[in-house]
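Residues in the sequence shown are numbered consecutively from 364, following our numbering. Even glycine gets a Cβ: it sits at the ideal position worked out from N, Cα and C. The structure appears right after this line, and notes come after that.
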Amino acid sequence: MVHAQEPVYEDAIGILRRGMMCTPYMEFMFPRLASSGSGAALEAYAIGSLDEANAYISSPLLGGRYRECVTTLQRLINCSASTVFGDIDAGKLHASLTLFSEASYDEFLLETMFDVWFDGLLDEDTMTRIRSMQRQVA
Numbered sequence: 364m365v366h367a368q369e370p371v372y373e374d375a376i377g378i379l380r381r382g383m384m385c386t387p388y389m390e391f392m393f394p395r396l397a398s399s400g401s402g403a404a405l406e407a408y409a410i411g412s413l414d415e416a417n418a419y420i421s422s423p424l425l426g427g428r429y430r431e432c433v434t435t436l437q438r439l440i441n442c443s444a445s446t447v448f449g450d451i452d453a454g455k456l457h458a459s460l461t462l463f464s465e466a467s468y469d470e471f472l473l474e475t476m477f478d479v480w481f482d483g484l485l486d487e488d489t490m491t492r493i494r495s496m497q498r499q500v501a
């Protein structure tokens, strides 16, 4: 993930600061939980488990960048997620925020974005997959 972000991170965060996001950057700036039937782009950057998501968000570099992106989003609260990302990518953002909020438990920053852009709701598809993974482990 670091290798994917490194050459384009400054460009991606700059675009986000201007109130938009470029679709090709979504998969590695806001990674989501892997799922069967996902496209190659998602699978290349997908998170495989809650433990992996926790390691990502705990990483000084990757977690720091993720928090910087979310902090940047907080400055855009007068816009909707769909305005910034488009409908499809807003759904991807919702899934990513859900994954990392479940993996870290103490990310107030993420909870704020649920309230601002997603009516306080987690992404149901992501939650269903997380519950399924937890049942398989138990």
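Look at the beta carbons and you see the stretch 453-471 touching the stretch 389-398: at least three pairs across the two are nearer than 8 angstroms. If the five residues before and after residue 413 are omitted, its C-beta is found closer than 6 angstroms to the C-beta atoms of 466, all from its own chain and listed in chain order. Residue 484 sits away from residue 434, with the two beta carbons spaced by 9 angstroms or more. Boundaries of the alpha helix (DSSP H) around residue 421: 413-421. Following the DSSP letters along the chain, one finds residue 440 in no alpha helix (DSSP H), marked with neither H nor E. Comparing C-alpha distances from residue 426 to each of 463, 497 and 477 shows the shortest one belongs to 463. In the structure shown, residue 484 falls within a coil segment according to DSSP collapsed to helix, strand and coil.
The way I'd put it, the stretch 380-392 does touch the stretch 449-456; three or more beta-carbon pairs between them come closer than 8 angstroms. Residue 376 is positioned such that its CB atom lies no closer than 9 angstroms to that of residue 442.
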